[in-house]
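First the structure, in the form of structure tokens, and then the observations on it.
There are 2 protein chains.
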Amino acid sequence: MLTKILLSEDQLPKQWYNIIPDMPGQMAPVIHPVTMQPVTPDDLLPLFPMGLIEQEVSQERWIDIPEEVREIYKLWRPSPMFRAHKLEKALGTPAKIYYKYEGVSPAGSHKPNTAVPQAYYNKIAGTKRIASETGAGQWGSSIAMACQLFGLKCTVYMVKVSYGQKPYRKSMMQLWGAEVFPSPSNRTSAGRAILAKDPDNQGSLGIAISEAVEDAATHEDTRYSLGSVLNHVCMHQTIIGLEAKEQLKIAGDYPDVVIGCHGGGSNFAGIAFPFVSDKANGKEVRLLAVEPASCPTLTKGIYAFDYGDTAKMAPISRMYTLGHDFMPPGIHAGGLRYHGASPLVSQLVHEGIVETRAVPQIACFEAAVLFARTESIIPAPESSHAIRGAIDEALLAKEEGKERVILFNLSGHGHVDMAAYDAYLNNELQDYEYPEDAIKESLSHLPKVG
Amino acid sequence: MLTKILLSEDQLPKQWYNIIPDMPGQMAPVIHPVTMQPVTPDDLLPLFPMGLIEQEVSQERWIDIPEEVREIYKLWRPSPMFRAHKLEKALGTPAKIYYKYEGVSPAGSHKPNTAVPQAYYNKIAGTKRIASETGAGQWGSSIAMACQLFGLKCTVYMVKVSYGQKPYRKSMMQLWGAEVFPSPSNRTSAGRAILAKDPDNQGSLGIAISEAVEDAATHEDTRYSLGSVLNHVCMHQTIIGLEAKEQLKIAGDYPDVVIGCHGGGSNFAGIAFPFVSDKANGKEVRLLAVEPASCPTLTKGIYAFDYGDTAKMAPISRMYTLGHDFMPPGIHAGGLRYHGASPLVSQLVHEGIVETRAVPQIACFEAAVLFARTESIIPAPESSHAIRGAIDEALLAKEEGKERVILFNLSGHGHVDMAAYDAYLNNELQDYEYPEDAIKESLSHLPKVG
């Protein structure tokens, strides 16, 4: 019985897939937050090394993965794909459920797929330090690990609510040599301004991004790094989907639906983008992004120009957004608490190529517990959104009596998130109301562009 | 550059290696704690299913791995082997350091290698519930996971000091459906007797074993399961060393020294036993067991008959022991806090085939942090003892200017042990004095056998 599908190291992709030349419709420009004009590559140099800026705007469909990066990828890649036989049996579904497992990386999630090349391109550009932000800490721990590998210093602004909820991820960052500050902090004017208004502010990704961007922009030897949203980040993550396609070929299957959880978009992009051109070429494949009901960017936000951060220091992109000053409730899937979304994913949603669904927290933990009790792997709370999506698709297949092939991205393990499982098992978790008024309010602050 | 050495699923061993027929010298009998006569297989039936009792005493060198067990092994096996190029470089050593990585299992350690077959043999024998104990929780989480897979109930007595230190491992057990009690508990007469004398008793593996054994012995549908020490447990773990030998062949190397950390002995046995017969056949290979200086069973204990547990309910074996009522200090490597040792490993030590070394806690964390900052993987505190041993061997090779091949077992990841790393990084850890008086006292209570 084929349960695990492995690729050899020789089959580790040599190139990332850049979806930009295959995007439907016209891509909107990115707008400078001060001049309100389209940003140029030069505008971005205080924040990013040229190697990444080039990737951000490249029209090349395939971008070579540097050999130094591939060598590090080999620590955990190609990652395994599994057929979830036991979960299928528990659901009594005729569907075949496959999942790609990214929890095998040393940080326990998919985030090192982009942390490593980002650290690499910074290293060769002469960067000495990277400033970044993190929610639940999957990204922060990954960029800390990557900086350690390339001898870069690393400063992480960690959303305060997660700093308290996920102390182990903070410790992982420190173990990998990073300095970590709860955000909002008093180290930046962005942080100080927020604390002045609200000393108990629990933070958001938008605020933490402001702090990290300010830190990088005001220090000559420092660059900024983002763990999701941007084009080059989504591109680095396509290694997931590229491997998954090869693995499904070995299994002799092709997915009816490809599912990823959605926060900033890179993990969803990673599994889904390599299937977009198949879809354009007439293959029937659905692409489904699953987000938390408490931070429903794709399902309740609007498609508009907005700042990437709360303090309006980051570039303005056209994307689905809940407004840059929206403060999402403190759910345990801290990695999904972002007001905006990848412009690439947003455009694909807008064009009707990507489907979206919002699911409440408790239903996700219910799915994660069923998964852990059948497939043995304990999922990260973020990944549990993809599992919820996959289970619902499998139950639908059962209802309709149809054999379907479902592929989802199990983006990380939950060993560092056990406090969240404790809360679920002890019936202490709550579902947050969809914060309609707060979203309406924050959406009234969008920038005027063009 | 060869960094990761993989085996295909076809290369997953089909048999475990049973060292009993290859043991040097005469094996001592196991003694019944009540009759003080050699135990018979029938004596063990209240505790173990016949399938495991047969393995415990088998004279067959190779034992088939059931297909149901191999199917589950494939979730994470064959496990990867890595060459620690970056660690070697940091040490400036001419030695080649290889490590076998067992942290890829769903529980994050090597323990599922035996938990799965133990649950399997119990299942086919009609057992409804398994009672067991755990120190740091690597074993408890693994037996919980395995019971869940085979539909068995699971009760775990967790050493109280670890119950407090490692709350996430307790949560993992509960997530996998087990009930978990801090030990000593008031659920057993063994536990109640200890609490009556000392209500603040922080527990030990010896006490927790007493509780689990009593639970199993007093419930018809329940059997007992041990995560280390016993012959069949060591045998299940030989899958590690069997794979490692094949992987080193691919690398074109043979080890000068094979290193494992040592608590009860199964993880060391797993990596080392498959090399014992090579050694008997004239191959020059050293086998090194590394234990904590605060619980120095192999280096400061005596080779004598002793009870496996504190309440004298478990069988009496000839082994290295610190005395069955020795209470080890509360180091973070909770899995290594056991007064006794595997009789098989003990005999190999006694015969001069296995070398031993005791290392203090802080030196182990120092080694673990260097490892995490070079090789990226965060080790479990238990595994850090093997790393300390490997680093010391590599430094010796440097001093002597000799190229040596070092193999060690990285038995688990430390994502659930970050509080221990926090304590180390904040200089809050202490090294415990070798507790000479306590050991002398407990060694005065050994049973009189024969």
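Chains as they are written, first to last, in my numbering: chain A, 1 to 450; chain B, 1 to 450.
Even for Gly, the Cβ is constructed at its ideal location relative to N, Cα and C.
In this text the structure is predicted, and so the values were computed from the model without any measurement.
C-alpha gap between residue i and residue j, whole angstroms
i, j, result
"GLY137(A)", "SER183(A)", "12 angstroms"
"PHE365(B)", "TYR421(B)", "7 angstroms"
"TRP16(B)", "VAL345(B)", "17 angstroms"
"VAL161(A)", "GLN202(A)", "5 angstroms"
"ALA289(A)", "ARG169(B)", "31 angstroms"
"HIS236(A)", "ALA119(A)", "12 angstroms"
"GLY252(B)", "LEU322(B)", "41 angstroms"
"GLU243(A)", "GLU67(A)", "17 angstroms"
"PHE408(B)", "TYR101(B)", "9 angstroms"
"HIS110(B)", "LEU12(B)", "15 angstroms"
"ILE316(B)", "ALA90(A)", "43 angstroms"
Any non-hydrogen atom of the ligand SAM within 7 angstroms of residue i CB
i, result
"PRO167(B)", "The ligand SAM is absent from the structure shown, which contains no ligand whatsoever."
Residue span of the beta strand (DSSP E) that contains residue i, given as start and end
i, result
"VAL416(A)", "VAL416(A) -> no beta strand (DSSP E), and no H or E assigned at all."
"SER444(A)", "Per DSSP, SER444(A) belongs to no beta strand (DSSP E) and is neither H nor E."
"ASN409(B)", "405-410"
"GLY260(A)", "257-261"
"TYR101(A)", "96-101"
"GLN11(A)", "From DSSP, GLN11(A) is part of no beta strand (DSSP E); its letter is neither H nor E."
Assigned exposure category for residue i - 16 Cβ within 10 Å defines buried
i, result
"ILE259(A)", "buried"
"LEU443(B)", "buried"
"VAL34(A)", "exposed"
"ASP306(B)", "buried"
"THR218(A)", "exposed"
"ALA314(B)", "buried"
"GLU88(A)", "buried"
"SER8(B)", "exposed"
"PRO445(B)", "In the sequence as presented, Pro is not what sits at residue 445(B); that position holds His. Exposed is the call here."
"GLY455(B)", "Lying before the first or after the last residue shown, residue 455(B) is absent from chain B, which here runs from 1 to 450."
"GLU403(A)", "exposed"
"GLY241(B)", "buried"
Residue of the options minimising C-alpha distance to residue i
i, options, result
"GLU536(A)", "ALA28(A), ALA293(A) and ALA368(A)", "Residue 536(A) lies beyond the residue range present for chain A, which begins at 1 and ends at 450; the question has no answer from this structure."
"ARG65(A)", "LEU44(A), LEU322(A), ASN18(A) and ASN186(A)", "First, the residue type needs correcting, since residue 65(A) is Ile and not Arg in the sequence shown. Measuring from the Cα of ILE65(A), the nearest candidate turns out to be ASN18(A)."
"LEU370(A)", "GLY282(A), GLY140(A) and ILE387(A)", "ILE387(A)"
"ILE353(B)", "PHE48(B), ASP278(B) and ALA333(B)", "ASP278(B)"
"HIS413(A)", "PRO78(A), ALA368(A) and GLN430(A)", "ALA368(A)"
"GLU60(B)", "ILE20(B), ARG187(B), TYR434(B) and PHE268(B)", "ILE20(B)"
"ASP198(B)", "SER185(B), ALA107(B) and SER210(B)", "SER185(B)"
"PRO112(A)", "PRO78(A), GLN361(A) and SER376(A)", "PRO78(A)"
"MET27(B)", "VAL39(B), PHE326(B), GLY401(B) and ARG318(B)", "ARG318(B)"
"ILE362(A)", "GLN347(A), PRO343(A) and SER384(A)", "SER384(A)"
"ASP392(A)", "PRO329(A), GLN347(A), ILE97(A) and PRO167(A)", "ILE97(A)"
"SER210(A)", "GLY51(A), LEU446(A) and THR134(A)", "THR134(A)"
"SER225(B)", "ALA208(B), THR238(B), LEU195(B) and ILE240(B)", "ALA208(B)"
"VAL461(A)", "ASP43(A), HIS110(A) and GLY335(A)", "Outside the shown range of chain A (1 to 450) lies residue 461(A), about which nothing can therefore be said."
"GLN165(B)", "PRO381(B), VAL39(B) and LYS245(B)", "PRO381(B)"
"LEU425(A)", "GLN174(B), GLN347(B), ALA84(B) and ILE378(B)", "GLN174(B)"
"HIS301(A)", "ILE194(A), ILE439(A) and LEU2(A)", "It is worth fixing the name first, because residue 301(A) is Gly in this sequence and not His. Ranking the options by Cα distance to GLY301(A), first place goes to ILE439(A)."
"TYR434(B)", "ALA193(B), PRO296(B) and VAL156(B)", "PRO296(B)"
"THR188(A)", "ALA311(A), TRP139(A), SER105(A) and PRO106(A)", "ALA311(A)"
"SER171(B)", "LYS398(A), VAL69(A) and ILE378(A)", "ILE378(A)"
"LEU52(B)", "LEU205(B), LEU2(B), VAL116(B) and GLY389(B)", "VAL116(B)"
"HIS232(A)", "PRO255(A), SER266(A) and GLN247(A)", "SER266(A)"
"ILE72(B)", "ALA131(B), LYS14(B) and ALA95(B)", "LYS14(B)"
"VAL416(A)", "LEU395(A), HIS332(A) and GLU220(A)", "HIS332(A)"
"PRO49(B)", "LEU348(B), LEU410(B) and ARG223(B)", "ARG223(B)"
Residue i - containing alpha helix (DSSP H), residue span
i, result
"ALA280(B)", "266-280"
"ARG373(A)", "361-375"
"THR120(A)", "Rather than Thr, the amino acid found at residue 120(A) in this sequence is Tyr. Where TYR120(A) is concerned, the enclosing alpha helix (DSSP H) stretches over 112-125."
"LYS398(A)", "383-400"
"ASP42(B)", "41-44"
To test your reading of the DSSP string, which unbroken alpha helix (DSSP H) runs of 4 or more residues are found completely within the segment 134-192 of chain B?
The qualifying runs are 138-150, 160-165 and 167-175.
So within the segment 286-356 of chain B, which uninterrupted alpha helix (DSSP H) runs reach at least 4 residues, ignoring any that extend past its ends?
Those alpha helix (DSSP H) runs which fall completely within the segment 286-356 of chain B and span 4+ residues are 297-300 and 343-350.
Starting from the N-terminal side, write out each stretch of the beta strand (DSSP E) that is 3 residues or longer and does not extend beyond the segment 58-93 of chain A.
Here the runs fully enclosed are 62-64 and 81-83.
3 or more residues per run - each beta strand (DSSP E) lying fully within the segment 195-245 of chain B
Segments of the beta strand (DSSP E) lying fully in the segment 195-245 of chain B: 222-225.
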